[in-house]
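Chemist:
Protein chains: 2
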Amino acid sequence: MSRLRVLSFAVSLDGYGAGPDQDLQHPLGVRGPELMEWFFATRAWRAMHGQEGGETGVDNGMAEKAFEGIGAWILGRNMFGPVRGPWPDESWKGWWGDEPPYHTPVFVLTHHPRAPLRMKGGTEFRFVTEGIHAALKQATEAAGGRDVRLGGGVSAVRQYLSAGLIDELHLAVRPVLLGAGEHLWRDLDLHALGYACEKVVAGERATHVFLRRKA
Amino acid sequence: MSRLRVLSFAVSLDGYGAGPDQDLQHPLGVRGPELMEWFFATRAWRAMHGQEGGETGVDNGMAEKAFEGIGAWILGRNMFGPVRGPWPDESWKGWWGDEPPYHTPVFVLTHHPRAPLRMKGGTEFRFVTEGIHAALKQATEAAGGRDVRLGGGVSAVRQYLSAGLIDELHLAVRPVLLGAGEHLWRDLDLHALGYACEKVVAGERATHVFLRRKA
Numbered sequence: 001m002s003r004l005r006v007l008s009f010a011v012s013l014d015g016y017g018a019g020p021d022q023d024l025q026h027p028l029g030v031r032g033p034e035l036m037e038w039f040f041a042t043r044a045w046r047a048m049h050g051q052e053g054g055e056t057g058v059d060n061g062m063a064e065k066a067f068e069g070i071g072a073w074i075l076g077r078n079m080f081g082p083v084r085g086p087w088p089d090e091s092w093k094g095w096w097g098d099e100p101p102y103h104t105p106v107f108v109l110t111h112h113p114r115a116p117l118r119m120k121g122g123t124e125f126r127f128v129t130e131g132i133h134a135a136l137k138q139a140t141e142a143a144g145g146r147d148v149r150l151g152g153g154v155s156a157v158r159q160y161l162s163a164g165l166i167d168e169l170h171l172a173v174r175p176v177l178l179g180a181g182e183h184l185w186r187d188l189d190l191h192a193l194g195y196a197c198e199k200v201v202a203g204e205r206a207t208h209v210f211l212r213r214k215a
Numbered sequence: 001m002s003r004l005r006v007l008s009f010a011v012s013l014d015g016y017g018a019g020p021d022q023d024l025q026h027p028l029g030v031r032g033p034e035l036m037e038w039f040f041a042t043r044a045w046r047a048m049h050g051q052e053g054g055e056t057g058v059d060n061g062m063a064e065k066a067f068e069g070i071g072a073w074i075l076g077r078n079m080f081g082p083v084r085g086p087w088p089d090e091s092w093k094g095w096w097g098d099e100p101p102y103h104t105p106v107f108v109l110t111h112h113p114r115a116p117l118r119m120k121g122g123t124e125f126r127f128v129t130e131g132i133h134a135a136l137k138q139a140t141e142a143a144g145g146r147d148v149r150l151g152g153g154v155s156a157v158r159q160y161l162s163a164g165l166i167d168e169l170h171l172a173v174r175p176v177l178l179g180a181g182e183h184l185w186r187d188l189d190l191h192a193l194g195y196a197c198e199k200v201v202a203g204e205r206a207t208h209v210f211l212r213r214k215a
């Protein structure tokens with residue numbers, strides 16, 4: 001049975017999944033990159049960007065595992081492209097260059113229809129305008145029995161959490177205080193929504209927390 | 001120089017320092033005791049209650065250290081006594097029996113004056129009606145150069161955080177989701193208030209996080 005999973009999703013100690021004032025210069029918000037520092041140091045991240053080296057400890061293991069067994073992705077609109085408005089330009093092909101690191105169909109939640117976009121290495125961006133349930137249905141079909149990974153951003157994760165549709169949520173809790181930005185679970189009662197913490201694993205630059213929806 | 005420290009303060013993964021619906025039966029709120037389970041298992045806790053045994057790992061080390069070098073305590077009203085109203089009865093001497101585990105002067109924040117209460121083992125409860133600054137001043141004087149520990153509850157910690165008066169905040173983050181209750185830092189921007197995370201230590205039943213106010 002295909003599961004919907006959020007993996008290696010970075011949040012600050014105070015629960016923010018993105019910093020404030022997101023724009024083209026700050027796609028993760030001001031100080032948002034501090035959330036990702038655990039990932040930037042890993043061999044997994046460097047390999048995704050064609051670089052050698054990188055650390056191979058607990059954090060790297062988490063990052064590598066987060067790409068295993070995934071048959072399709074779902075991304076919120078801002079994860080794929082610039083923050084405001086309809087597609088500024090049909091030539092926009094995401095933040096990742098010609099060969100994005102997904103290597104599967106990727107379903108992008110958006111209000112603006114667009115033709116699918118086939119990239120090098122097996123990634124195909126498909127744009128879903130019918131909402132989160134439709135995107136999950138299409139992604140599950142495309143995944144062919146493997147899992148669906150929801151890559152973010154915060155707003156998309158919140159929508160799927162509210163709907164009780166996420167089976168597993170692996171958070172990389174970073175020891176930083178953002179104080180402002182997009183909060184992952186504010187005003188969501190994760191306990192009432194059926195989630196419980198199953199495991200905590202200390203990494204080098206993040207504490208990995210695994211939440212699961214009780215059956 | 002005497003510091004104001006919050007030590008071994010338990011919060012849920014989603015930031016709650018107490019559960020909802022606090023009353024005499026549930027002084028920590030519903031499911032609040034789940035926050036304290038890391039502490040209940042330690043040798044430190046058992047020794048405080050005249051019992052032998054208990055675990056002696058990382059969590060225990062944190063709990064023991066939290067009592068070292070402390071010359072005075074500050075407690076919020078609910079930490080000392082039943083939740084509502086003025087002192088229900090002058091015979092109320094706290095939750096801890098004849099010999100509380102403080103062994104120093106303890107300044108209780110309250111709106112209701114009461115004569116000091118001298119207990120066995122060196123604990124003396126003094127009731128401060130002039131607010132958090134007055135309590136800190138009196139506690140600092142009484143501490144004689146040693147540190148002042150703010151024991152809680154959530155409301156008292158929030159007041160001192162908002163005023164930027166806490167030098168060190170050691171949180172024991174428990175892998176539980178309360179979803180409701182008293183949130184420790186909601187609507188407080190800890191970054192803007194000058195706090196940063198200095199250290200994270202994995203314990204057996206809690207992740208210990210150390211926040212410090214930048215000089």
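Line by line, the protein sequences are chains A and F. Mapping of the first sequence onto UniProt numbering: residues 1 to 215, in sequence order. Mapping of the second sequence onto UniProt numbering: residues 1 to 215, in sequence order. C-beta atoms are modelled at their ideal positions from N, C-alpha and C, and glycine is treated no differently. Note that the structure is a prediction, hence the values are computed from the model and not measured.
Quick one: what's got a C-beta closer than 7 Å to A143 of chain A's C-beta in the same chain, skipping five residues either side?
Modeler: By 1-based counting over the first sequence, the position of residue 143 of chain A is 143. Around A143 of chain A: S2, G71, A72.
Chemist: Considering just the uninterrupted stretch of the alpha helix (DSSP H) at V157 of chain A, what are its terminal residues?
Modeler: Looking up residue 157 of chain A in the first sequence gives position 157. Per DSSP, V157 of chain A belongs to the alpha helix (DSSP H) from 154–162.
Chemist: Under a CB-based cut-off of 8 Å, is P33 of chain F close to chain A?
Modeler: Residue mapping note: residue 33 of chain F aligns to position 33 of the second sequence, counting from 1. No, its Cβ sits nowhere closer than 8 Å to a Cβ of chain A.
Chemist: List, in order along the chain, the chain F residues whose C-beta lies closer than 8 Å to that of T123 of chain A?
Modeler: Walking along the first sequence from the start, residue 123 of chain A turns up at place 123. The contacting residues do not exist; T123 of chain A stays about 33 Å from chain F at best.
Chemist: For residue 221 of chain A, go through chain F and note every residue whose CB falls closer than 7 Å to its CB, in chain order.
Modeler: The structure shown does not extend to residue 221 of chain A, since chain A is modelled only from 1 through 215, so no value can be given for it.
Chemist: CA-CA distance, W92 of chain F and S155 of chain F?
Modeler: On the second sequence, position 92 is the one that residue 92 of chain F refers to. On the second sequence, position 155 is the one that residue 155 of chain F refers to. Rounded to the nearest angstrom, the two C-alpha atoms are 22 Å apart.
Chemist: Counting only Cβ pairs nearer than 9 Å, list the residues of chain F close to T207 of chain A.
Modeler: Your numbering for residue 207 of chain A matches position 207 in the first sequence. Near T207 of chain A (Cβ distances below 9 Å), the residues of chain F are V173, V200, A202, T207, V209.
Chemist: Less than 8 Å between C-beta atoms, sequence neighbours within five positions excluded: which residues of the same chain meet that for residue 229 of chain A?
Modeler: Residue 229 of chain A is absent from the model: chain A starts at 1 and stops at 215.
Chemist: Alpha helix (DSSP H) containing A139 of chain F: first to last residue?
Modeler: Looking up residue 139 of chain F in the second sequence gives position 139. A139 of chain F -> alpha helix (DSSP H) spans 132–143.
Chemist: Hey, L188 of chain F and G19 of chain F: beta-carbon distance below 8 Å or not?
Modeler: Here the question's residue 188 of chain F lines up with position 188 in the second sequence. Here the question's residue 19 of chain F lines up with position 19 in the second sequence. Taking 8 Å as the Cβ cut-off, L188 of chain F and G19 of chain F do not qualify as a contacting pair.
Chemist: Can you check whether the C-beta of A18 of chain F is within less than 8 Å of a C-beta belonging to chain A?
Modeler: Position 18 of the second sequence, counted from the start, is the residue given in the question as residue 18 of chain F. No, because no Cβ of chain A sits closer than 8 Å to the Cβ of A18 of chain F.
Chemist: Compute the beta-carbon to beta-carbon distance between G29 of chain A and G181 of chain A, rounded to the nearest angstrom, for a pair I have assumed lies under 8 Å.
Modeler: By one-based count along the first sequence, residue 29 of chain A stands at place 29. By one-based count along the first sequence, residue 181 of chain A stands at place 181. With 8 Å as the limit, G29 of chain A and G181 of chain A qualify as a contact, their Cβ atoms being about 5 Å apart.
Chemist: Closest to H191 of chain F by CA distance: which of A:D98, A:R5, A:D14, A:F9 is it?
Modeler: Stepping through the second sequence from its first residue, residue 191 of chain F is reached at position 191. Taking only the C-alpha atoms, the option nearest H191 of chain F is A:D14.
Chemist: Which two residues bound the contiguous beta strand (DSSP E) that contains W96 of chain F?
Modeler: Residue 96 of chain F sits at position 96 when you count from the first residue of the second sequence. Note, W96 of chain F: premise wrong, no beta strand (DSSP E); not H, not E.
Chemist: Could you tell me whether the Cβ of W185 of chain F comes closer than 8 Å to any Cβ of chain A?
Modeler: As a first step, residue 185 of chain F must be located in the second sequence, where it is residue number 185. W185 of chain F counts as touching chain A.
Chemist: Measuring only the C-alpha atoms, how far is P82 of chain A from L109 of chain F?
Modeler: Taking the first residue of the first sequence as position 1, residue 82 of chain A is located at position 82. Taking the first residue of the second sequence as position 1, residue 109 of chain F is located at position 109. Roughly 51 Å between the two C-alpha positions.
Chemist: So L177 of chain A contacts chain F; which residues on that side make the cut at Cβ distance below 8 Å?
Modeler: Counting from one through the first sequence, the residue named residue 177 of chain A turns up at place 177. Within chain F, the residues near L177 of chain A are L190, H191, Y195, A196, C197, L211.
Chemist: Residues of the region 88–103 of chain F with a CB closer than 9 Å to any CB of chain A: list them in chain order, please.
Modeler: For the region 88–103 of chain F, which is checked against every Cβ of chain A, not one residue is closer than 9 Å.
Chemist: Examine the Cβ distances between the region 129–148 of chain A and the region 97–111 of chain A and report whether three or more of them are shorter than 8 Å.
Modeler: Taking 8 Å as the limit for Cβ pairs, the verdict is that the region 97–111 of chain A does touch the region 129–148 of chain A.
Chemist: Check E64 of chain A in the structure and name its three-state DSSP category.
Modeler: Here residue 64 of chain A refers to the residue found at position 64 when the first sequence is read from its first residue. Residue state, collapsed to three classes: helix.
Chemist: Specify, as a first and last residue, the run of the beta strand (DSSP E) that R212 of chain A falls within.
Modeler: To locate residue 212 of chain A, count along the first sequence from 1; it is residue 212. 207–213 is the extent of the beta strand (DSSP E) around R212 of chain A.
Chemist: Taking the Cβ atom as the reference point for each residue, do L184 of chain A and V157 of chain A lie within a distance shorter than 8 Å?
Modeler: Position 184 of the first sequence, counted from the first residue, corresponds to residue 184 of chain A. Position 157 of the first sequence, counted from the first residue, corresponds to residue 157 of chain A. The answer is yes: Cβ separation under 8 Å.
Chemist: My assumption, with CB atoms under 8 Å, is that P101 of chain F sits in contact with G94 of chain F. Please give the rounded CB distance.
Modeler: Translated into the one-based positions of the second sequence, residue 101 of chain F becomes position 101. Translated into the one-based positions of the second sequence, residue 94 of chain F becomes position 94. At roughly 10 Å, the Cβ-Cβ gap does not stay under 8 Å, so P101 of chain F and G94 of chain F are not in contact.
Chemist: According to DSSP, is D59 of chain F helix, strand or coil?
Modeler: Position 59 of the second sequence holds residue 59 of chain F. D59 of chain F: helix per DSSP, three-state reduction.
Chemist: In the DSSP output, which residue or residues are listed as bridge partners for A192 of chain F?
Modeler: The sequence position of residue 192 of chain F within the second sequence is 192, counting from 1. None, per the DSSP bridge assignment.
Chemist: How would you write the range of the alpha helix (DSSP H) that E37 of chain A sits in, first residue to last?
Modeler: Within the first sequence, numbered from 1, the residue matching residue 37 of chain A stands at position 37. Counting along the chain, the alpha helix (DSSP H) containing E37 of chain A begins and ends at 33–40.
Chemist: Please state whether DSSP places R114 of chain F in a helix, a strand or coil.
Modeler: Numbered from its first residue, the second sequence carries residue 114 of chain F at position 114. DSSP places R114 of chain F in coil when its eight states are reduced to three.
Chemist: Taking C-beta pairs closer than 8 Å, name the residues in chain F that G15 of chain A reaches, listed in chain order.
Modeler: Looking up residue 15 of chain A in the first sequence gives position 15. Within chain F, the residues near G15 of chain A are D14, G15.
Chemist: So who's on the other strand from P105 of chain F, going by DSSP bridges?
Modeler: Within the second sequence, the letter at position 105 stands for residue 105 of chain F. In DSSP, P105 of chain F forms a bridge with F:E124.
Chemist: Provide the residue span of the alpha helix (DSSP H) that contains R46 of chain A, from first to last.
Modeler: One-based indexing of the first sequence puts residue 46 of chain A at position 46. Element bounds for R46 of chain A: 43–48.
Chemist: Note down, in chain order, every chain F residue with its Cβ under 7 Å from the Cβ of A180 of chain A.
Modeler: Position 180 of the first sequence, counting from 1, holds the residue named residue 180 of chain A. What A180 of chain A touches in chain F: D189.
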